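Remarks on the structure that follows.
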Ligand code: 5GP
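Printed below as a string of C-alpha cells:
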C-alpha cells in the first residue's frame, strides 16, 4: 500500500509542528499525522501513541534489526527517532494521506523513499537570530540544549534547496495559508 504523503521538515523551533497541527484539522485534506517512534523522555502534556510511540533504546534497536522502520535517525545524541512502516499502513488503510513532521535529514530520506507520491516542504525560520529567540521563549530547553539545537539548525539550513518547496515562516497566519495552498495543490494533482 502506498498512498500520498506530505513531509514537513525544518530546524526545531521553525514552527513546523504548529503548521502540521493546523493542517490535520482541515477535514477535506484527509491528512493524518504520522506518529514517530522515539527514545527520548515523554514531556509534560505528551501522550503515548498521539505525540510519539515512546520506547526504550533497546526496543528501538530491536525494531531496527527487524526492519520495521521506513527511516530512523539519531536526531540528538542518544535520542533515536523513526517512522514505523506499520504507521503508514495504519493511515493509508483508512484512505487518508500521511503528514510527517520530521527533521531535515529524515525529510530528505522520506522524499527519496516516496518520490513523486510525496511533497516535501522545508519550513524556513525568518533568521537564525529569530529562531534562537523562539527556542528561548518556548522554554522547553536548557541553554545547553538550545546551543545544540542552534548548531544543528545552522547545518540543516544548507539543505533547504533539496526540498520541493520552501515555506518561510515569517508571519504565522500567512505561513498557515501558504501551507494549506501547497498541500491542496499537491493532493488535487
Ligand atoms: P522533539 O524531541 O523536539 O519532539 O523532536 C526533535 C526532532 O526530531 C524534530 O525536528 C522532529 O521533527 C524530529 N523527528 C520526529 N520524528 C522523527 C522521525 O520519525 N524521524 C526523524 N528523522 N526525525 C523525527
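Residue numbers (the working numbering): 452 to 640.
All C-beta atoms, glycine included, are put in the ideal place defined by N, C-alpha and C.
What you are looking at is a predicted structure, and each value in this text was computed from that prediction instead of being measured.
Counting along the chain, where does the beta strand (DSSP E) carrying residue i start and finish?
i: residue 599; result: Where residue 599 is concerned, there is no enclosing beta strand (DSSP E), although the alpha helix (DSSP H) it sits in stretches over 594-607.
i: residue 630; result: No beta strand (DSSP E) holds residue 630; the alpha helix (DSSP H) holding it covers 623-638.
i: residue 460; result: 456-460
i: residue 482; result: 482-484
i: residue 498; result: First-last for residue 498: undefined, no H or E at that position.
i: residue 569; result: 569-575
i: residue 548; result: 548-553
i: residue 524; result: 520-527
If you follow the alpha helix (DSSP H) that residue i is part of, which residue opens it and which one closes it?
i: residue 540; result: 536-543
i: residue 614; result: Premise fails: residue 614 is in no alpha helix (DSSP H) and is neither H nor E.
i: residue 516; result: 508-516
i: residue 588; result: 579-589
Thinking residue i and residue j are a contact (beta carbons under 8 Å), I'd like their distance in whole angstroms, please.
i: residue 513; j: residue 488; result: Actually they are not in contact, since the Cβ atoms of residue 513 and residue 488 sit about 11 Å apart, beyond 8 Å.
i: residue 549; j: residue 475; result: Incorrect: roughly 11 Å between the Cβ atoms, too far for contact.
i: residue 538; j: residue 486; result: 6 Å
If you draw a straight line from the C-alpha of residue i to the C-alpha of residue j, how long is it?
i: residue 580; j: residue 574; result: 16 Å
i: residue 606; j: residue 461; result: 11 Å
i: residue 593; j: residue 600; result: 11 Å
i: residue 585; j: residue 463; result: 10 Å
i: residue 595; j: residue 517; result: 35 Å
i: residue 481; j: residue 640; result: 15 Å
i: residue 519; j: residue 540; result: 12 Å
i: residue 491; j: residue 629; result: 32 Å
i: residue 527; j: residue 561; result: 19 Å
i: residue 588; j: residue 598; result: 14 Å
Short check: CB of residue i to CB of residue j, under 8 Å?
i: residue 469; j: residue 623; result: yes
i: residue 617; j: residue 611; result: yes
i: residue 524; j: residue 554; result: yes
i: residue 466; j: residue 620; result: yes
i: residue 484; j: residue 558; result: no
i: residue 497; j: residue 503; result: yes
i: residue 552; j: residue 637; result: no
i: residue 477; j: residue 631; result: yes
Inter-stretch contact (C-beta, 8 Å, three-pair minimum) for the region 454-470 and the region 564-571: yes
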